[in-house]
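Have a look at the structure below, then the notes.
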Amino acid sequence: MVATMNAAASPGLVLTASLLRLAGWLQGEGYRFTTVTPATHARINARAGAAVARTLRDVFGWSRPFAPTLLPDAALEPLRMAGLLLETEEGLLRSAVRYSSIGQHLFAHSAYPTVEEDAVFFGPDTYRFVDLIARELRNQPLPAGGRILDVGCGSGAGGIMAALAARDAAPRLALTDINERALRFAAANAAHANCGAAELAQGDLFHPLDGQYDLIVANPPYLNDGAQRLYRHGGGRWGEALSARIVQEGLERLAPEGRLVLYTGAVMVDGRDPLLEALRPHLEAAGHPWRYHELDPDVFGEELEEPAYADAERIAAVALVVQRRDHPLQVHLHPAMA
Ligand SMILES: C[S@@+](CC[C@H](N)C(=O)[O-])C[C@H]1O[C@@H](n2cnc3c(N)ncnc32)[C@H](O)[C@@H]1O
7 MVATMNAAAS PGLVLTASLL RLAGWLQGEG YRFTTVTPAT HARINARAGA AVARTLRDVF
67 GWSRPFAPTL LPDAALEPLR MAGLLLETEE GLLRSAVRYS SIGQHLFAHS AYPTVEEDAV
127 FFGPDTYRFV DLIARELRNQ PLPAGGRILD VGCGSGAGGI MAALAARDAA PRLALTDINE
187 RALRFAAANA AHANCGAAEL AQGDLFHPLD GQYDLIVANP PYLNDGAQRL YRHGGGRWGE
247 ALSARIVQEG LERLAPEGRL VLYTGAVMVD GRDPLLEALR PHLEAAGHPW RYHELDPDVF
307 GEELEEPAYA DAERIAAVAL VVQRRDHPLQ VHLHPAMA
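Heads up, the sequence shown is in the numbering used here, so the first residue is 7 and it goes up one at a time.
Shown next as structure tokens:
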């Protein structure tokens with residue numbers, strides 16, 4: 007694995023190694039967990055008998071506090087080494103990491119509730135995003151040796167599952183995120199998934215890496231988050247600013263015939279889709295074929311109670327796919343040569 011992060015950051019390497027160890031241990035224990043929305047998570051944890059963890063899924067999925075005797079050293083030691091073991095006022099412990107499964111693969115991400123500024127995201131959006139990528143790769147496989155870039159990779163789930171789905175093409179995978187902690191988690195998740203070498207780079211969208219890609223995938227933050235958390239706040243009036251930048255900057259980074267697969271949220275206002283209205287002129291100016299459709303008409307309904315969404319009627323999960331098609335060179339012959 008090639009890491010372009012600061013190699014001197016040894017606590018970061020300990021974090022990645024510990025996350026990888028824990029994933030291996032959980033896999034051996036047959037652990038599986040599907041992450042739900044924060045609202046559902048809160049409802050389930052509020053049930054009678056759910057205050058203290060009794061199983062591995064309670065600890066590493068539902069993020070419940072647990073008695074120190076519940077876990078063996080094989081789990082406690084990596085948690086402790088990575089600074090992921092928290093103590094509660096009641097003398098119980100809590101894991102600061104969650105593990106969620108996609109098929110047989112486990113992905114480390116931040117424990118519930120994800121309130122920290124540098125929380126590492128994974129949620130129902132991630133499942134829809136991964137499904138969208140898989141569908142695109144089934145419709146049109148990656149060329150041999152194709153380059154995949156996951157921008158704002160978080161846990162790395164999108165890029166890693168894309169690399170696994172395109173394994174026969176021996177793809178080259180790159181993962182970028184503005185959040186260094188996310189890249190530490192993504193490095194562990196990529197190693198655990200055994201998806202081949204991955205290049206990880208920290209920075210703003212496409213800026214940390216050069217070059218062009220055959221498949222660019224992104225599930226950026228798309229909400230107007232009052233707390234402006236990195237994984238949630240998309241900027242702009244409705245949280246659409248990062249998605250718009252990914253389209254504008256991403257089209258420049260597509261290799262010939264390359265595809266951009268953007269999963270994002272679109273705030274609907276009076277039957278209008280302001281995100282699509284903002285994207286359309288750029289897409290039409292670029293001239294490449296594109297498709298845009300709703301994947302789910304109503305996500306994050308609870309956000310509509312926030313003042314920022316006072317004019318919105320719903321938030322939809324949408325998919326935009328753009329494929330680069332260069333116009334054939336127009337050769338104008340001089341009349342004397344015609
Ligand atoms: C909603 S999370 C999605 C994570 C992952 N793609 C997934 O599907 O689970 C958005 C991610 O974008 C990252 N991000 C936010 N602003 C960014 C920027 N300007 N450049 C790169 N990454 C950014 C966040 O740190 C976060 O990891």
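Positions of the beta carbon are idealized from the N, C-alpha and C atoms, including for glycine.
Remark: fewer than three beta-carbon pairs, one from each stretch, lie closer than 8 Å, so the segment 192–204 and the segment 133–143 are not flagged as touching.
Distance from the CA of residue 24 to the CA of residue 177, rounded to the nearest whole angstrom, comes to 27 Å. When distances are taken from the beta-carbon of residue 226 to the heavy atoms of ligand 1, the shortest one is below 6 Å. Below 8 Å, too few C-beta pairs join the segment 230–239 and the segment 282–295 to call them touching: fewer than three. The shortest CA-to-CA distance from residue 253 to any of 166, 291 and 114 is the one to 291. Per DSSP, the beta bridge partners of residue 270 are 324. Assigned with DSSP and collapsed to three states, residue 199 falls in helix. Between residue 206 and residue 224, the CB-CB gap reaches or exceeds 7 Å.
A Cβ-Cβ distance of about 5 Å is found for the pair residue 162 and residue 181, placing them in contact under the 8 Å criterion. In terms of CA proximity to residue 57, 98 leads the group 171, 241, 80 and 98.
269 is the residue among 269, 313 and 276 whose C-alpha sits nearest the C-alpha of residue 297. According to the DSSP assignment, residue 113 belongs to the beta strand (DSSP E) that extends over 111–116.
The DSSP-derived three-state label of residue 329 is strand. DSSP places residue 105 within a strand segment (E or B) once states are collapsed to three. Straight-line spacing of the CA atoms in residue 85 and residue 302 works out to 36 Å. Residue pairing for residue 299: DSSP places it in a beta bridge opposite 325. Relative to ligand 1, the beta carbon of residue 164 is positioned inside 6 Å of a heavy atom.
The distance from the Cβ of residue 309 to that of residue 229 is about 6 Å, consistent with a contact at the 8 Å cut-off.
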